[in-house]
Every structure is written in structure tokens, then in C-alpha cells.
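Asker: What follows is a single structure, and I will ask about it in a moment.
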Amino acid sequence: MKQLDIYGNEVDLKELDPKPLEKQGGRITLKSWFRNCYGYRQGFYCKNCKFFESKTGREKTCYKCTKMSTSSNKETDIRKNDIACNLYEAKP
Ligand code: SF4
Numbered sequence: 099m100k101q102l103d104i105y106g107n108e109v110d111l112k113e114l115d116p117k118p119l120e121k122q123g124g125r126i127t128l129k130s131w132f133r134n135c136y137g138y139r140q141g142f143y144c145k146n147c148k149f150f151e152s153k154t155g156r157e158k159t160c161y162k163c164t165k166m167s168t169s170s171n172k173e174t175d176i177r178k179n180d181i182a183c184n185l186y187e188a189k190p
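When the sequence shown is numbered by the numbering used here, its final residue is 190 and no position is left out of the sequence of numbers.
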């Protein structure tokens, strides 16, 4: 199967496969590392998971995954509508 690249050339989709995370350049965030390990569970959202937690600070509400991290750093924030990972468990 082929796809047009930004210059209009046909490129085989096999050539567009993303590289494994450890071979990508740049910094690996905790969230990308976590997703690399636990993947995605389509059709489910983090907001419905029992590990989802919302914290209200002085100025805003942030969302955390207790499986990932609960530090106060915004780098560990998740979003309500993130696709769930394979550790997903429905809220009781
Ligand atoms: S689905 Fe995964 S990433 Fe989302 S809150 Fe649950 S354990 Fe955390």
C-alpha cells in the first residue's frame, strides 16, 4: 500500500513505520515511555479508569494516573480523553 508524501511522491507504507521509541531522537517523556510499555486500549478513556485522579491546585485542575506518577510536575499530567492503556480497569 502506498501513500503520497508531502512532495507528492508515492511512498510505501512499510517505509513510514515509526522507529522503536529508543531509536527516536530527543528526550523520552515519562508518558511516552509509559505508553511504549503499556500501549493503547482503543474504545476506552483514561477518565473512566480507576487509576485516573484529578487534583485541584490553586489555579487549575490537573489529571494524573496513579500507575504512572502522581508528582506535582506538569510533565506527568494526562488528559481526561486520553485513550486508555492496557492497564485500564473500570471505575467501581
Ligand atoms: S488507562 Fe492507563 S494511563 Fe489511563 S489512567 Fe488508567 S492506568 Fe493510567
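Where is the CB? At the ideal position from N, CA and C, for every residue including glycine. A quick note: this is a predicted structure, and the numbers were derived from the prediction, not measured.
Between which two residues does the alpha helix (DSSP H) containing F132 stretch?
Answerer: 128-136
Asker: What is the DSSP secondary structure of L185, counted as helix, strand or coil?
Answerer: Looking at L185 - three-state DSSP - the assignment turns out to be coil, as it is neither helix nor strand.
Asker: If we ignore side chains and look at the alpha-carbon of each, how far apart do K147 and Y186 end up?
Answerer: Reading off the sequence shown, one finds Cys at residue 147, where the question assumed Lys. Distance between the alpha carbons of C147 and Y186 is about 6 Å.
Asker: Would you say the beta carbon of A188 is closer than 6 Å to some non-hydrogen atom of ligand 1?
Answerer: no
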